[in-house]
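What follows is one structure encoded as structure tokens, with my remarks underneath.
There are 2 protein chains.
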Amino acid sequence: MQDQELDTEEPRRRSDGEQTHAAILDAAIRLASIEGLNSLTIGRLARELGISKSGVFAHFRSKERLQEETVDAAGEIFEREVLTPGLSAPEGLAQLEALCEAYLSYVERRVFPGGCFFAHLLAEFDAQSGPVHDQMESNQRGWLGMVAGMIETAIERGELDPATDPLQLAFELHAAMELANYLSMLHRDPSVVDRGRRAIRDALARATQGPRGSRSTSPSPGNPQSGG
Amino acid sequence: MQDQELDTEEPRRRSDGEQTHAAILDAAIRLASIEGLNSLTIGRLARELGISKSGVFAHFRSKERLQEETVDAAGEIFEREVLTPGLSAPEGLAQLEALCEAYLSYVERRVFPGGCFFAHLLAEFDAQSGPVHDQMESNQRGWLGMVAGMIETAIERGELDPATDPLQLAFELHAAMELANYLSMLHRDPSVVDRGRRAIRDALARATQGPRGSRSTSPSPGNPQSGG
DNA sequence: CCTACCGATCGGTAGG
DNA sequence: CCTACCGATCGGTAGG
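Line by line, the protein sequences give chains E and X. Those letters in the first sequence? Residues 572 to 799, by this note's numbering. Those letters in the second sequence? Residues 572 to 799, by this note's numbering.
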């Protein structure tokens with residue numbers, strides 16, 4: 572604690588600059604989810620927030636850093652809105668279902684006004700080279716790998732047919748989630764998400780029963796304490 | 572025919588202007604498939620083609636018309652490379668399979684350097700309002716409706732299980748095609764298209780056999796001449 | 001956070 | 001198809 576003479580000017584009040592910084596990123600995320608990361612311009616964000624261009628610029632020092640921080644901030648929201656609720660379910664098939672549902676719910680609730688931020692960036696940067704492409708590639712690999720890992724765990728626990736190909740099923744689940752996102756946005760109709768929901772439910776049901784309804788009769792209860 | 576005095580100046584030689592027009596659209600399509608329709612600028616196309624900005628501009632008179640003509644020209648390529656080969660197969664399940672394979676082959680062959688032009692535009696304009704969004708919505712509806720129609724025909728011909736939901740199966744096939752496009756581009760790996768191929772083959776096999784391998788024993792041969 | 005500025009580029013026009 | 005422009009906006013800098 573310092574002398575009281577600093578009292579009236581709120582000593583080390585960091586909130587002013589930080590709040591502005593956060594407000595810029597919030598606007599940037601919203602804009603980029605609708606129009607893409609390359610549509611971000613410093614001038615446009617400044618206009619939207621009612622501050623000067625250089626006022627925005629001072630927070631990032633380059634457009635590249637603005638883009639980087641925007642992607643990172645969107646990643647934190649994705650983590651909070653999708654990964655955390657998805658991973659909070661008990662390990663195995665339940666967790667896989669929870670993750671898929673968390674994603675679809677996040678699309679349905681329009682966490683980002685333009686739909687899934689990363690689905691937009693996937694299409695925007697799949698054919699472009701550079702740091703954003705590379706980050707998206709690693710994001711996608713991580714996501715698909717995580718889903719495939721959950722499928723493997725569910726197989727080990729006897730909850731899914733051992734004949735299931737984890738990466739192939741992960742691809743199909745992911746495909747349903749992505750298209751549900753795009754089409755629900757395109758048609759401005761959140762109920763399109765239900766098509767994705769049904770595709771996922773059916774795919775998991777088939778992998779549960781096996782392709783011919785041959786179901787392993789008594790799956791082992793599994794070990795809730797063992798890590799993946 | 573006119574007098575010979577016009578001979579040396581090639582009367583009504585249209586090829587010059589038309590070739591330039593076509594060359595501009597070709598460059599625009601290629602650029603837009605990689606970076607999106609909004610990344611098109613008249614100056615950039617002019618630089619790439621080695622002509623002046625106003626030389627490009629004169630062909631379209633507005634950026635909006637350039638974008639419209641670019642989308643239309645890409646549509647013609649899609650028709651030639653996907654729809655025509657897909658629809659050339661005999662009506663029914665064979666046609667449905669041919670259409671899916673025509674799409675995957677078009678992705679694999681990199682008909683557009685940035686992958687499927689319309690998959691890119693779907694993500695770019697799903698959350699934006701305006702004429703391009705509206706055209707993409709109608710394109711998507713048309714495509715999904717066509718696929719669903721082929722599924723209906725295949726059901727009527729006894730080639731697919733009558734319990735199949737045409738729009739739901741169309742959604743799942745479409746989802747596999749789109750993700751195959753995005754991921755094969757993202758990883759610069761055409762073999763990712765095989766994941767989509769397998770997803771489609773499996774989905775059709777399930778719809779052929781029914782969910783439990785209960786297959787209608789003697790499907791009617793169908794009528795190849797009747798329209799859909 | 002501001003004003004004031006830089007060179008480059010944008011879509012578009014005028015006139016040929 | 002060209003040169004020569006227009007006002008607006010871009011990312012970024014200087015200096016406060």
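Note that the Cβ used here is the ideal one computed from N, Cα and C, for glycine as well.
Does Phe742 (chain E) come within less than 8 Å of chain X when only Cβ atoms are used? The Cβ of Phe742 (chain E) sits closer than 8 Å to at least one Cβ of chain X.
Ala719 (chain E) and Pro737 (chain E) closer than 8 Å at C-beta: Cβ distance < 8 Å, so Ala719 (chain E) and Pro737 (chain E) count as in contact.
Using a Cβ-Cβ cut-off of less than 9 Å, list which residues of the region 726-752 of chain E approach chain X; keep chain order. Those residues of the region 726-752 of chain E that come within reach of chain X (Cβ to Cβ, closer than 9 Å) are Asp736, Leu738, Gln739, Phe742, Glu743, His745, Ala746, Ala747, Met748, Glu749, Leu750, Ala751 and Asn752.
Classification of Asp587 (chain E) by the beta-carbon crowding that lies within 10 angstroms, buried from 16 upward: Here Asp587 (chain E) is exposed. Its C-beta has fewer than 16 other C-beta atoms within 10 Å.
So, does the CB of Ala605 (chain E) fall closer than 8 Å to a CB anywhere in chain X? Looking at the sequence itself, residue 605 (chain E) is Ile, so the reference to Ala does not match. Interface criterion met: the Cβ of Ile605 (chain E) is under 8 Å from a Cβ in chain X.
Would a check of beta-carbon distances place Met721 (chain X) closer than 8 Å to chain E? The Cβ of Met721 (chain X) sits no closer than 8 Å to any Cβ of chain E.
Measure from the C-beta of Arg768 (chain E) to each C-beta in chain X and report whether the shortest distance is under 8 Å. Closer than 8 Å: no.
The region 615-623 of chain X touching the region 671-681 of chain X, judged by at least three CB pairs closer than 8 Å: No, the region 615-623 of chain X is not in contact with the region 671-681 of chain X.
Listed from N- to C-terminal order along the chain, which residues in the region 695-721 of chain E have their beta-carbon within a distance smaller than 7 Å of any beta-carbon of chain X? Cβ contacts with chain X: Glu695, Asp697, Ala698, Gln699, Met707, Glu708 and Gln711.
Among E:Gln739, E:Gln638, E:Phe696 and E:Leu616, nearest to Arg813 (chain X) - alpha-carbon criterion: Because chain X is modelled from 572 through 799, residue 813 (chain X) falls outside the range shown and cannot be assessed.
Distance, Gly657 (chain X) Cα to Arg651 (chain X) Cα: If I take the Cα positions, the gap works out to 10 Å.
Just mark Ala593 (chain X) as buried or exposed, buried being the case when its beta carbon has 16 or more other beta carbons within 10 Å. With fewer than 16 Cβ atoms within 10 Å of its Cβ, Ala593 (chain X) is classed as exposed.
Considering only their Cβ atoms, is the gap separating Val653 (chain E) from Ala673 (chain E) smaller than 8 Å? In this structure, Ala673 (chain E) sits near Val653 (chain E), with a CB-CB distance shorter than 8 Å.
Would you call Ser709 (chain X) buried or exposed, if buried means 16 or more other Cβ atoms sit within 10 Å of its Cβ? Classification for Ser709 (chain X): exposed.
By DSSP, does Gln699 (chain X) sit in helix, in strand, or in coil? Residue state, collapsed to three classes: coil.
Which residue wins for smallest C-alpha separation from Ala741 (chain E), given the options E:Cys671, E:Glu695 and E:Arg769? Ala741 (chain E) has its Cα closest to that of E:Cys671, out of E:Cys671, E:Glu695 and E:Arg769.
Please state the DSSP three-state secondary structure of Gly729 (chain E). Note: Gly729 (chain E) maps to coil in three-state DSSP.
Can you name the start and end residues of the alpha helix (DSSP H) that Glu743 (chain E) belongs to? For Glu743 (chain E), the uninterrupted alpha helix (DSSP H) segment begins and ends at Pro737 to Leu757.
Measuring only between beta-carbons, confirm whether Leu637 (chain X) sits less than 8 Å from chain E. Against chain E, the CB of Leu637 (chain X) has no partner CB under 8 Å away; the residue lies outside that interface.
Under 8 Å between C-beta atoms of Leu692 (chain E) and Val703 (chain E): At a Cβ-Cβ threshold of 8 Å, Leu692 (chain E) and Val703 (chain E) count as neighbours.
Could you tell me the alpha carbon to alpha carbon distance between Ala776 (chain E) and Thr735 (chain E), rounded to whole angstroms? The alpha-carbon atoms of Ala776 (chain E) and Thr735 (chain E) are separated by roughly 12 Å.
I'd like to know whether the C-beta of Arg615 (chain E) is nearer than 8 Å to at least one C-beta of chain X. Not one chain X Cβ lies under 8 Å of Arg615 (chain E).
Straight-line gap, Ser659 (chain X) to Gln666 (chain X) (C-alpha atoms, nearest Å): Going by C-alpha positions, Ser659 (chain X) is about 7 Å away from Gln666 (chain X).
Count the other CB atoms within 10 Å of the CB of Gly685 (chain X); is the residue buried (16 or more) or exposed (fewer)? The residue in question, Gly685 (chain X), is buried, as its Cβ has 16 or more Cβ neighbours within 10 Å.
Quick check: is the beta carbon of Gly646 (chain X) nearer than 8 Å to any beta carbon in chain E? Closer than 8 Å to the CB of Gly646 (chain X) there is not a single CB belonging to chain E.
Could you tell me which uninterrupted alpha helix (DSSP H) segments, each at least 4 residues in length, are contained entirely in the region 645-714 of chain E, listed from first to last along the chain? The region 645-714 of chain E is shown to contain whole alpha helix (DSSP H) runs of 4 or more residues at 655-658, 664-679 and 688-696, in chain order.
In angstroms with no decimal places, state the Cα-to-Cα distance between Val764 (chain E) and Leu757 (chain E). Straight-line spacing of the CA atoms in Val764 (chain E) and Leu757 (chain E) works out to 12 Å.
What is the C-beta distance between Glu749 (chain X) and Ala690 (chain X), in whole angstroms, given that I count them as a contact (C-beta under 8 Å)? With a beta-carbon spacing of about 5 Å, Glu749 (chain X) and Ala690 (chain X) fall inside the 8 Å limit used to define contacts.
Coil, strand or helix - Asp643 (chain X) by DSSP: Here Asp643 (chain X) carries a helix assignment [DSSP, helix/strand/coil].
So which of X:Ser604, X:Gly767 and X:Gly626 has the shortest CA-CA distance to Phe649 (chain X)? Of the candidates X:Ser604, X:Gly767 and X:Gly626, the one whose C-alpha sits nearest the C-alpha of Phe649 (chain X) is X:Ser604.
Do we get a CB-CB distance below 8 Å when we pair Gly686 (chain E) with the residues of chain X? With 8 Å as the cut-off, Gly686 (chain E) counts as an interface residue toward chain X.
Taking 8 Å as the threshold (beta carbon to beta carbon), is Ser610 (chain X) in contact with chain E? Closer than 8 Å to some Cβ of chain E, the Cβ of Ser610 (chain X) qualifies, so yes.
Contact criterion: CB-CB distance below 8 Å. Does His630 (chain E) meet it with respect to chain X? With its beta carbon at least 8 Å from every one in chain X, His630 (chain E) lies outside the interface.
Member of X:Gln699, X:Glu743 and X:Leu596 whose CA lies at the smallest distance from the CA of Arg601 (chain E): Measuring from the Cα of Arg601 (chain E), the nearest candidate turns out to be X:Gln699.
Cβ-based neighbour list, Ile613 (chain E), same chain, cut-off 6 Å, excluding 5 preceding and 5 following: Excluding positions up to five away in sequence, the list reads Lys624, Val627 and Phe628.
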